[in-house]
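Data first, discussion second: the structure below is written as structure tokens.
In the working numbering, the protein residues as written are 703 to 1254.
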């Protein structure tokens, strides 16, 4: 039976949001709400819970976890241990997946740790506060959380999307706008992971990744994919098991670490998955199978030093540990990283930067988005039409790009809080036009000195969230665009890719081995890519190989 929190003392009607962490540039997402007298915590992905637990009384009346990814859930165990009387709620699927965040032996027992709620069924948290969970896509069990607070005057509604995706994934159906259309929330707290970026259709992303893995294997290379424990790895495994380029192929796929344990938990929850996934599992195992090709197995110590002798695919949640334990010593390898932003190890992670300095492995990145892009984010906003929008969970530059959209500025009151910044949310019957943000124009001075040119800009430019990314390495590239000279910063990942280009296989018909590829650009006037920056593994119809070097 569900345990209800004690009735809160009466306080004036007030709507406040206090972020303890708001996204990818922080330790994780954690938001405290005050709805009238009630204090609610949305997610708890913090590593350091000092802001929450350095007090004698429980900091909130209840906690809701949107899904089981560590950047939304890793702090729940410590919070529960500090204040075991605070009720914690999530969907039934998330309740079962949460323990994967604490693989140690003393992980919390889910029966006492989290209470599962049913989809779309109103749950009366207090006499005047009702909660509903809606499927959010993104990950099995991921929920968008609707809170309705009732007063004598009216009912106030808030919707927190958590991480969401409108697109159908391999193992998860996308968020349904139709299910949310009638909510009409006054306040929308929405993630902006990808800002205003636009992605190809999900199926196109999957096709491109499968094609790249196929190419690597065909040319004799094994592929290792660092992935988080939950979500992306299982999506890729389902793709490899069902894509036409791999069906029946004599290929070994190895799964390492907690990713394998997460696959087991997925199998336990199979009745909760979409019907299409359940039907697939009736004809062949969803994951583990040594009989039907491609073979899918756990990576065991017996494979140490052996894998890679013939082309194979390996998925792991910790590439550095896998290498240190001697699993990637044989054969030729290509490492495919999910493009940032992403939870877990990425090309920008400090440990990966150090790791790449000591190994001779070619690295590439791919896009297989589990979050909605800018187009779908604005589509959801326009269907919900809230008064207030709070953007969270994304890099400052991506969130700033969203709040700079005129189509949003003209219709809604936009908020972009930083950690620890209290956001007051006055709700009225009429829309109050928010003040337009600063246009972000910086005037400077240019000086031509002998062999160098200096450009001086006002110091205030460093306060713009774009600056951190522009000045990441201190290196810039300039290029004429008509009569304008356009500058861009060169990020660390690009430098890392440049340093690894000499490790790419020389017998591939790719841009790196083309005689027209110089300075990361194509200089073949017959190519549609002429003058453009291209990736070294690219290819075009007018490819011409480099002249072969004669042995001395």
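Ideal placement from N, C-alpha and C gives every residue a C-beta, glycine not left out.
Since this is a predicted model, take the numbers as computed values, not measurements.
The alpha-carbon of residue 1173 is positioned some 9 Å away from that of residue 1164. In chain order, 997, 998 place their CB closer than 7 Å to the CB of residue 991, counting only its own chain and leaving out the 5 sequence neighbours on each side. Shown here, residue 1076 sits in a helix according to DSSP, grouped into three states.
Between residue 898 and residue 1076 the beta-carbon gap is near 4 Å, inside 8 Å, which marks them as a contact.
Annotated three-state conformation of residue 1085 is helix, per DSSP. Per the C-alpha coordinates, the member of 868, 795, 717, 1024 positioned closest to residue 850 is 717. Excluding five sequence positions before and after residue 1103, the CB atoms of its chain that fall closer than 7 Å to its own CB belong to 897, 898, given in chain order. Between residue 1082 and residue 863, the C-beta spacing is below 9 Å. Bridge partners of residue 914 according to DSSP: none are assigned. Burial is judged here by how many other beta carbons sit within 10 angstroms of a residue's own beta carbon; residue 1016 has at least 16 and is buried.
Scanning the segment 764-820 from its first residue to its last, the whole beta strand (DSSP E) runs of 3-plus residues come out as 764-766, 790-793, 817-819.
Taking 9 Å as the cut-off, the Cβ atoms of residue 923 and residue 1036 count as close. When secondary structure is reduced to three states using DSSP, residue 858 falls in the strand class. Below 8 Å, enough C-beta pairs join the segment 1017-1024 and the segment 928-942 to call them touching: three or more.
Residues 1146, 1148 of the same chain have their beta carbon placed closer than 7 Å to that of residue 1157, with the five preceding and five following residues left out of the count.
Between residue 1226 and residue 1246, the gap from beta carbon to beta carbon is short of 9 Å. Residue 908 is positioned such that its CB atom lies closer than 9 Å to that of residue 872. For the pair residue 876 and residue 1079, the CB atoms are not nearer than the 9 Å cut-off. In the three-state reduction of the DSSP assignment, residue 759 falls in the coil class, being assigned neither a helical nor a strand state. In this structure, the CA atom of residue 1210 is about 18 Å from the CA atom of residue 1223. Residue pairing by DSSP places residue 1037 opposite 926, 1065 in a beta bridge. Under the 10 Å beta carbon count, residue 817 is surrounded by 16 or more other beta carbons and is classified as buried.
Contact check between the segment 746-765 and the segment 729-737: three or more CB pairs, one atom from each, fall below 8 Å, which counts as touching. Taking every protein chain shown into account, the CB of residue 906 has fewer than 16 other CB atoms within 10 angstroms, so this residue is exposed. Residue burial is scored here from C-beta neighbours: residue 962 has at least 16 other C-beta atoms within 10 angstroms and is therefore classed as buried. Between the alpha carbons of residue 805 and residue 766 lies a gap of roughly 22 Å. Per the C-alpha coordinates, the member of 820, 1002, 888, 759 positioned closest to residue 857 is 888.
From the listed residues 972, 1168, 995, the smallest Cα separation to residue 984 is found for 972. Judged by their CB atoms, residue 861 and residue 835 are not nearer to each other than the 9 Å cut-off.
Around the C-beta of residue 1182, fewer than 16 other C-beta atoms lie within 10 Å, and the residue is accordingly described as exposed. In the DSSP assignment, the residues bridged to residue 847 are 835, 862. Distance from residue 1094 to residue 721 at the Cβ level is roughly 7 Å; contact confirmed, criterion being Cβ atoms closer than 8 Å. Taking all protein chains shown into account, residue 1188 has fewer than 16 neighbouring C-beta atoms within 10 Å of its C-beta and is therefore exposed. Excluding its 5 nearest sequence neighbours in each direction, residue 870 has C-beta neighbours in its own chain below 6 Å: 876, listed in chain order.
Rounded to whole angstroms, the gap between the alpha carbons of residue 1024 and residue 1127 is 48 Å. Annotation: residue 1178 to residue 915 spans about 32 Å, alpha carbon to alpha carbon.
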